[in-house]
Structures are given as structure tokens and as C-alpha cells.
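Heads up: the sequence shown at position 661 corresponds to 663 in the working numbering, and the numbers run straight through without jumps. To start, the structure under review is shown below, and the notes come after it.
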Amino acid sequence: MVLSVNIKLSARTLTGTLSGQNRGAADWGWQRLIAHGCHSLVLVIDPSTSQTIQVLEGHKANVVKVKWARENYHHNIGSPYSLRLASADTTGKIIVWDVATGAARCEIQEYTKPIQDMEWLWNQDASRDLLLAVHPPNYIVLWNADTGTKLWKKSYAENILSFSFDPFELSHLALLTSEGIVFISDFSPSKPPSSSGKKVYISSPHSSPAHTKLAGTGAKKAFNKVKILITNEKPNAESVTLNDCLQLSYLPSKRNHMLLLYPREILILDLEVNQTVGIVAIERTGAPFLQVIPCRQRDALFCLHENGCITLRVRRSNSNSLALPTEEQDPDQPAQELAYDLRCQCDAIRVTKTVRPFNMVCCAVSENSAALIVSDGRVMVWELKSNLLGPKPYHSCSSSTASPLYSPASFCGIPLSTQQRKLPDLSLDNMIGQRIAIDEESPRIQNQQEVQLKFLLTGLLSGLPLPPFVVRMCPPLTTKNIKSYHPLLAVGTSNGSVLIYHLTSGLLHKELSIHSCEVKGIEWASLTSFLSFATSTPNNLGLVRNELQLVDLPTGRSIAFRGERGNEEPPIEMIKVSHLKQFLVVVFRDKPLELWDIRSCTLLREMAKNFPAVTALEWSPSHNLKSLRKKQLAVREAMARQTVASDAEANNVESPMISLLQEAESKAEFNQNISAREHFIFTDNNGRAFHLTVEGSIVKDGVRIPPDGDMGSITCIAWKGEILVLGDVDGNVNFWDLKARLSRGIPTHRGWIKKIRFGPGKGNMKLLMMFNDGVEVWDTKEIQMVSSMRTGRNVSYKVLDMDWCSSDKVVLASDDGCIRVLEMAMKSASYRVDEQELTDPIWCPYLLLPRSCLVLKAFLLHQPWNGQYSLDIMQIHYSENKEIKFLVQEQLNSISNDIQNLLLDPEFQLFQRCLLVARLFGDESELLFWTIAAHYLYRFSKRKELVTPNGIEENQASPLDMCYDVLCENSYFQKSQIERVNLQEAKRTTYDHTRKCADQLLLLGQTDRAVQLLLETSAENPSYYCDSLKACLVTTITSSGPSQSTIKLVATNMIANGKLAEGVQLLCLIDKAADACRYLQTYGEWNRAAWLAKVRLNKEECAEVLKRWVDHLCSPQVNQKSKAILVLLSLGCFTKVAEMLYSMRYFDRATLFLEACLKYGVIEINENTEKFYNAVYADYARYLKMLNLKEGAVLFSTKAGDAGADLLKELCQRKEKKTTS
């Protein structure tokens, strides 16, 4: 029989409670992994299986920030999928990690103060390695995180607390400072910002009416007149409490919006008017906010509260959001504002002095999961689940309270009416539909059902409790116990429980609540039982309650080993179990030792009062078990001879002896062997050594060895084979070779030796020593040190306890609350993730080799050579070694059943598959591309089918989300902008805000409302005359030729003289918005021009403006080709998109895009395009050949025609050679 036992022990770290400085050091990246700081370590967790897959050790100080690298670039063999993570500590050191190998790719150290904030640049067209960090007190530094090079540094006047990138504009950055906010509009990777930014101040929200008790209609109106919170003038000290602002963040769901987090409210600011347009306030009895994460896919907020509760708030759908503010409203109804309704919340945690919520992170890919990091080391993963309530009456969404949520109208780009299978909880935008303003003219959305959301706890990781710890490894592996051996580590804790860890997986095997006070020591009595002791706090007389328990591990049964003994006595100092696990010595501080029989739990002997005080004790590994077994074997042979003899002889000779032997044999069969003789040695306060022998219930005194004059008081003894080692309080070690009768003393110069242990395994004479300031490993054969670890020099933590866990690995318990399994060299505990024995397989393609990862992606994306889609890599012609194939197949098997079913569905379209695989890989660039491509491919394919006499009808049931900004459909974009300006108008309180609203209304073509606002200007205002004239001009404008020419001439002159905004307004008044866009582009206002084109121009004119923008984005000085491609997709310029993808050498994306376009009939192959398409296919075939995917390479080289002929010939020749060989 072949026996397979997994006894592989990998280096790992078991972590526990967090440091207060770890608050804020957490991130959930696009790689679908969570990272968070634990003292000076960084943990990497797979949230789907709740497993710690990596612990990074390289910092000497507490970690304060961790950030996963973005994946917003095209991945290929030169830029592969890799797990890159940046971490920063309190000494200003930044380490960029390769998480898969556990190695530091780069270390950055220039300053010595804690990093306040850091973030990877989200635009990665130019470089994917740029990291921006805030170095106290007032520096922002841009680093190349691949080389550690400082690209530039910029200082500011105030202390910088944190920053936030604008997710819509790379050049915009907001700094939260000690006095207010600094807006930077000229951020660039190539050079530091030239200006000091626009400094604005925050007025305290406590002075706003948000806290006013609502007592009647007037108070309600006052509540809705929100005070301006951003001013250019510094407020007085009485009205401002700047430290209350906990967080600043741009909203990724809509442009030019920002949130400010305060303990009792969240303020939503519209940065166009620098005004609050929404408040999320907590009830008086509610738990204050700690953190908020705004979502991108939907206008929603994940909020963390001080009681550990996570809430999800989704923006309310307001039925009259497009109504003009002039319309009469019910005075009891709240005025227009951004309202966020509480949709669901998770359970709170029990908060104590030592247990507090530290951080919340949200899945960047799906935005439907949040993880709570607690100060005690727990990580709780809460996942959003949707519950369909069925179709509801259409009018129900016009409720004045929380409006219902509805399921999405489409899935992966295709409306649900044509989609057979749906995966609702794939991501937030696949769970709840868009917040679309409902009015009478809006078409009813079919197949939508009302949705309720709830949080479900899907993952929980627990850490070690607070230190101190004691650790003890189970008995070592031998040939006799190999069938039942498990590498178990017992950890005694300060709260009286004993934790049993399985060191192969690093998972908690059992938690046993045994004692009522701190565990002081553990000794194993067998592979499945152990003894542990604990002592209570001493009373006035120095007496304690001793607890000594014998625990049976399989059942968890615990018995008081000493019975009723233990109350009001001196504390137990140590317990020692004999080599054969027969006897136990219990040593007390000021009381003679006790000797017990473990098997029968009986006291063999309690030493006399004049017995010497024990300072160190150890059992000898030698015994007489072998001689007993020889005698037993002789007895058996005698019994055999007697049974063969005649009955007469058997009756006459030694019949009493035979019966005694048979009785002894039967006892042996029931493990009731007669006791073997064992002996132990101990030392007293004077350094004398005493030798005692134990056999059965008899204890015999042996020799007494006088003290060694060179040794101080002996503190510990270790004994293995013929080597006896003694350590003393002065750091001296004495090696006794009992066989050669030699003694040798070595000074370590490290002070008190607290503990020494020999390594397990026959012939392994390595010795582990523990000091006050660290540990050392010695070779007792050569009598020399092998490795050393010293607190303050090598590491920052102090070792509390230690043991061997295998012949080449040690386990250390430290005061930072961690337990480390280290190689004998005791270097860093970081390890390769692929070397770990994980209990559950994890989906993480980033762990594969770069080429294998791209093979997995290509295999999932497209299998045109297969008649039926497959998830078995072994079925295709993939020329790679079996080990790599197995790893790829392991990843395929770890995909969830729901997604496997979706991938195997023959009706699942190619671009839907691309979208799903992009989500699986956490590929930000692919996800963005295929989301927009899927939307517009479907729409433009339907345009060809459904052309009405009035033109093309846009499908308003499922427009592109507003987080895509100017990439949305024109009509939906225009409606959203009108809604926004109406909201701004409802919130205006000053003339400047009124003027900005009037300007926006003029640009949007809402001239009547603009005139009303202009006429509101008071006569005392310096702009009264100009506004009145402008109102007259807007009202009396005609389309006659002379007036238009005059206005156009005036507008042109104004633009030429620096009045760009005013000139653009005049051009829009005479319907010359196309000219206005051209002027805006000429003066570098590209975003403003795109905005104006979307809200004022028809499709053809808008397309012309956006195409000029595309040319600008592709220019070398701008280099934002990825954004240019997205703009082209929104215009339906699919051939141009394919050409750009090909020119950027994105061969895989270009080919799959062409295949999807041909499938939907939005492009055609003709003489002009055939050569280009063939070139794309040929290069993709070469790409597949490089990946060793021969079937795909043959297929696409065949499709490529003449361009792929040579490659096809080469592939066929190779195939022939293989078949002949």
C-alpha cells in the first residue's frame, strides 16, 4: 500500500490584533484580493474563500497605508497580470511588493515621518508604475514605483492630511489640508504642478441647519436652504471646526461632485457652484460615521459606522427632478436635493475598549461586497444579495419617500428580454437598475422587477487574541505515527483558551476554552492530548489558584488533572512530561515538586518540604523500554513453546508462571504495559544537579553533581542522546557530552537564557535558544551558532516563546500578537503563494506564470475552433508541460458554478463573454472597453433594423450609466444636465450662484428660465444693468441675418479679448454652438467643448466635435489613446476603433472586437478593409502561437488569407514533424 501523508510545513505568519496606527491601512483591489496592515506586516486575503494567502514582512515599523496597483492597461507578455501592492509605514518607508513571490520589488525611503496618504495614478497609458504619496508635513511626491525614482516633489503652505484624484480628469486633484481644501487643476505625471492650487475653506457643518430641530414648515424650508460650505475667505475660528472633517472624496458616479464626511453627516458638493446639494444626516440616536466609500456603477454610498455596522445608501429617484423650480410645491415636501435612502445594513459588532471597527473596503470590480477590518484582527466579508419582489405598478416609483429599486433592464450589454440566463449578483449594476427620472413621456421599462437588498456574511477570518502567548508543537513525526500525524501547534492565550492550529494550512483547527486565567504552559501527552496549566493573579500572601488540565483533543473533553488540588498555593512554574509520555513533573515556585502518572492521573510522589528548589528540569531521552520489549518477546516465545509441549508437561511445569505471563500479555494488548524506567535531571538555586529515576510508582534518588564554578544560576536544560545542555542567567551555555565525559562552556554574551530546545528528528542536534532580546540556533555537534535574531537589530518585535515545529523550521510567538513559522535561518516570513497548502482552491489567475495567465484568458474568451464551448484545457492542443496545464485547469475548476454555467451557455454572446472575463480577471481597461463596446454594438446593430421616419430612436430604457459622462447617449446626457442645473438653482443662495445657473441654462438652451434668473438681480448689485440688458438680449433675439452677424462678430471679438465664456454664450444664443465648440477647442477647453456638443448639437455636428477631440487625445503630448477609443465607440466608428487597437498592438482585443462587430453586422468586409482584417487575424494567430494554442493559431492564420499563409505553413510543418516523430 502506498501511503501519502502531507507533512509539508511552509513558512507563514499567524496574525492577531492590530495596532492603532494600522487604522486606514486596508485596500480591496482590482485583483479581487484584500490587503491590510497588522503591526509591521501586510496580510493578503482572498475574500471569496476567507483564506490568508500571503503575509508580507519587510517593514520595521507599523504599516499605515496599503494600496493595490491599478489594472487600467492592456495586459500582454510584456505587461503581464501581476500582484503589485504598495505599503507605507510610520517611518516614511514605502515598499512595493510582488505579492505572488513575497519579494519586495522596490523600496522607497526619503523622509522619516508617517505617510499620510498614497494612491496609484489611475490613467496608465503612459506608465503603469506611478505612485503619488503625501510625505508630512506638506509634500506631495510622485514616485516611479518600479525603480524607486522620484519624478518630482511639490510643497504646499498647509499640512496635507489626504488627497483624492478626480476620476474623470487626470489633471484634477484635491488636497484636504489642516485649514481647508486645495484644488489642483494642472496635475501632470511629467512635471510638478506650477501653481499652488485654488485654496478654499470649509465652514463647519454644525453651523448649518442640518442639526436644526424640524418644528414646522418654516424649519423644513430652512433645512433645505443649505449653507454654502466652500468659501474663498478664511472663516473665523468660532464657526469652523476643521478637524471634524474625516474624509474627502470625489464621486466616481458623476462628474464634478465631491463628498465631505463628518461624524454626523455626509455632505455632497457640486464643485461647479461650490455648494452643498445633498446631506446624509444621522438621527440623533444613530451611530456616527467613520468612513464612506462612494460607488461608481450606481450613485450609492457604502458607510461604516462607529458600532461596526455597514450601511448602503442609494440615491433616491425623484419623480419631479426635471420639474422647474418655479413650479409650486407642497411646503411640507422637501425641496430638491440629492437624497440617499438607506437600503440595507449589516449587523453591528460588540464594541469594547479593545474591539473597534478600524476600516472598511469595497470590492473595486463588483462594488457589491464590503469587508470590515476590526481591531482584534477579524475580517468580516459582507456581500450584497438581491431579492426580486416581482413586477410592481409603474406609478409606485413616484412616492415621496424612498423610491423602489428595480432590477436592471439589461445584462452584459443585452436587454433581458432576449437574455435567457441572468446572474443578478455579479456586480452592483447587475443587481439594481439605473436611477432614471420618471415622467409621463418616459417609456415604460419592460421585464423589470422591484428589488430588495440585504447584506449576507459570506466570510470571516479571526486573528489571534491579545498576547502574551505560549506555544508548544505536538510530538514530532516518526515512522510509527506517520498514518495519523498532523502538524498541530497549541497556543495558550492570555484569556485562558488554547488554540490548536494546523500548520500545513495555517488554519485554526480548534479553539478550546479551558482555563479562567492566563495560560502559562502547555505540554503534549500524546498526538491527541495535552496538558496545560494556568495561574491566577496572586493574592496578598502570594498564593494563587493553579489550574492543570488534561485535554483530549478529538472530543474536547477536559479534566482537572490534580483533582481538587490547586486552591491557595504557590504558583506552578513549569510542567515537564517524560519522553515516553508516562510521567509528569509539576514544579512550583516555593513548594516541592510533584510527580504524577499521566496514564492513571495519580500522584506518585510529593517531595518533602526540605526538597531543593528547582530552577531547571529535563527528562532524559534514555529509558529501558527496549529491554522490556525484549523480555516481553522472550515471554511470548516461552508461551509458544509451552503450547507446543505435551499436555502433561504443560500441567506439571510452571503452570502458575504461564498464567501470569498470559495475564501480562493480555494487559499489554490493552496498552496496560508495565512502566518503563525513566529518569530526569534538575538543578537547584546553588547550581547543583540532581538525578532521579522513576519506575512504576517508585522514585529513586540518583547521583548529585556539584555546581560548575563558571556557571551562574541554571535556568534551563535540554537533553538529547548523549548531549546535555545547560543555560544560565548570565548567558553561558554548558555542553556536556555524557558518552565522552567532556564538558565545554560557551558565553553567548546575551544575558538570561530563558529556554532551550533540541530540534526533532534522529541525529538532528540543532539547538534553539531563547533570550530576552531574541533567539539563536546552535549546532551542538560543532558547538557553533547557526543563525541569530535580535530585537531592535533584525526585527522590531520581542519574542515571548519559541519551539521547533519541524527539523528545519522554528515557531516564534512575539509581542506584536503574531506567531511566525520561520526557516532555521530566521529570515523574513514572506513566502511564495504557490507553495502554500490552501484548504480551498482560489480563483486568482495573477498567481499563474504570465504566459499561462494569458493562455487562461484566451481560452475563456474565445473558442471558435470548438463546436461546443469547453472548460477543460486538457481537451485542446496546448503544447505545455503537465504541471502548468494542471495549474491552469485548477484555476478553471475554481470558477463558481453560476459563472461556469454562464460561460458554457451557447447563447452567451462573444462581447458578453469578454465583459464577464474582464470582471473575472479584474481587468479595469478591458472592463471599461467592453462595457461601452457591448452597449453601442447592440444599439448600432438595432439601428440598422429599426429606422423610423423620424430618425433613429434611442433606447432610453437602458442608457449608458452617467459614470461614463460624455460617452452616454446625447439625449440622456442632456436630461441629466438639466436635472443638475435645476438642482443647483434650487440650492442657490448668493448672486454668484444665480449667475452660474443662468449661464448654464443659456448654454443648455433653457432661455426662458435664464431670463427669469437674470431679472432677479437686485438694483443694488453692480451687475444689475448688465444682467438686465442680457435678459433683454436673450428675449428679443431673432434669427434674422443682420442680428446674427452682429452677435457673431461681438462674440468673436469677446473671445479674442479673453472673454471666452461670454463669447460662447452669445454663440449659443444664435444657435452657433458648433462654432462655440470650435472656439473652446482652440483655447484648450476640450472637456467643455465635448459637454456643449453633447447638450446642444445634433448627432452629425456632435460627432465632428468629438472626432477633433479624439485627434487631440491621440497626440503625443496628451497620449490618452484609451480614452480616444472609448469616444470613437460612442460614435459608432467601429472600423476606426479596430485600426487604433491594431496600431497600439492590442492584437487580442482588436481581433475579438472585429469578431463581435461582424457577428452584429455593424461592419462589413470589402476590398478596402479585407487587407486590414487579414493583418489583424495574422497577428492574433502569431500571438496564439506564442501562447502555444495551436488550434487557435491555425484557425486565425487560415482566416488571415495571404497574410497568414506563411504562419499556417509553419504550423502545419510542425504538426507533421510531431506526428512522424
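A virtual CB, placed ideally from N, CA and C, is assigned to each residue, including glycine.
Note: N361 is bridge-paired with I375 in the DSSP secondary-structure output.
If you look at S1132, you'll find it isn't in any beta strand (DSSP E); it sits in the alpha helix (DSSP H) that goes K1123 to L1133.
Considering only G508, Y203 and V202, the residue with the shortest C-alpha distance to S12 is G508. Burial of P489 is indicated by the presence of at least 16 other C-beta atoms within 10 angstroms of its C-beta.
Judged by DSSP in its simplified three-state form, Q902 adopts helix. In the displayed model, S507 falls within coil according to three-state DSSP, outside both helix and strand. DSSP places C916 within a helical segment (H, G or I) once states are collapsed to three. Per the coordinates, the alpha-carbon of K593 lies some 7 Å from the alpha-carbon of A615. Contact between the segment 1187-1195 and the segment 852-866 is established, with three or more Cβ pairs separated by less than 8 Å.
D818 is not a Cβ neighbour of S319, given a cutoff of 9 Å. Annotation for G1194: the continuous alpha helix (DSSP H) segment containing it runs K1192 to K1201. Around the CB of P556, fewer than 16 other CB atoms lie within 10 Å, so the residue is classed as exposed.
Distance between Q911 and A1105, taken at the CA atoms: about 28 Å.
For G1065, the enclosing alpha helix (DSSP H) starts and ends at L1062 to L1071.
Per DSSP, the continuous beta strand (DSSP E) segment holding L133 begins and ends at L132 to H137. Close CB contacts of I375 within its chain, under the 7 Å cut and outside five residues either way in sequence, are with A28, H38, F360, N361 and V381 (chain order).
Only residues of its own chain outside the window of five on either side were considered, and among them V801, M804 and R822 have a CB closer than 6 Å to the CB of L814, listed in chain order. Judged by beta-carbon spacing, L132 lies within the 9 Å limit of P191, meaning their Cβ atoms are closer than that value. Across the structure, D732 and F684 are spaced so that their CA atoms are roughly 18 Å apart.
Relative to the Cα of T356, the nearest Cα in the group L468, E575 and A1058 belongs to L468. DSSP, reduced to helix, strand and coil, places D554 within a strand of the structure shown.
Nearest to D703 by C-alpha distance, out of E680, G711, F167 and G689, is E680.
Beta-bridge partners assigned by DSSP to F167: L175. Under DSSP, D907 takes part in no beta bridge, so it has no partner. Distance between L635 and G379, taken at the CA atoms: about 56 Å. Under DSSP, D1001 forms no beta bridge with any residue. Under DSSP, N766 forms no beta bridge with any residue. In the structure shown, the three-state DSSP call for F931 is helix. In the DSSP assignment, V696 forms a beta bridge with E680 and V701. In the three-state reduction of the DSSP assignment, A37 falls in the strand class, which pools E and B. Here the alpha carbons of S50 and L273 stand approximately 38 Å from one another. The C-beta distance from I516 to S560 rounds to 5 Å, short enough to fall under 8 Å.
Closest in C-alpha terms to A302, from the list L344, A289 and Y264, comes L344. With the rule of 3 Cβ pairs closer than 8 Å, the segment 126-144 counts as touching the segment 159-174. Annotation: F861 is outside any beta strand (DSSP E); the continuous alpha helix (DSSP H) that includes it extends over P852 to L863. Shown here for S809: same chain residues with a beta carbon closer than 6 Å to its own, the five before and five after excluded, namely G761, P762, G763 and N766 in chain order.
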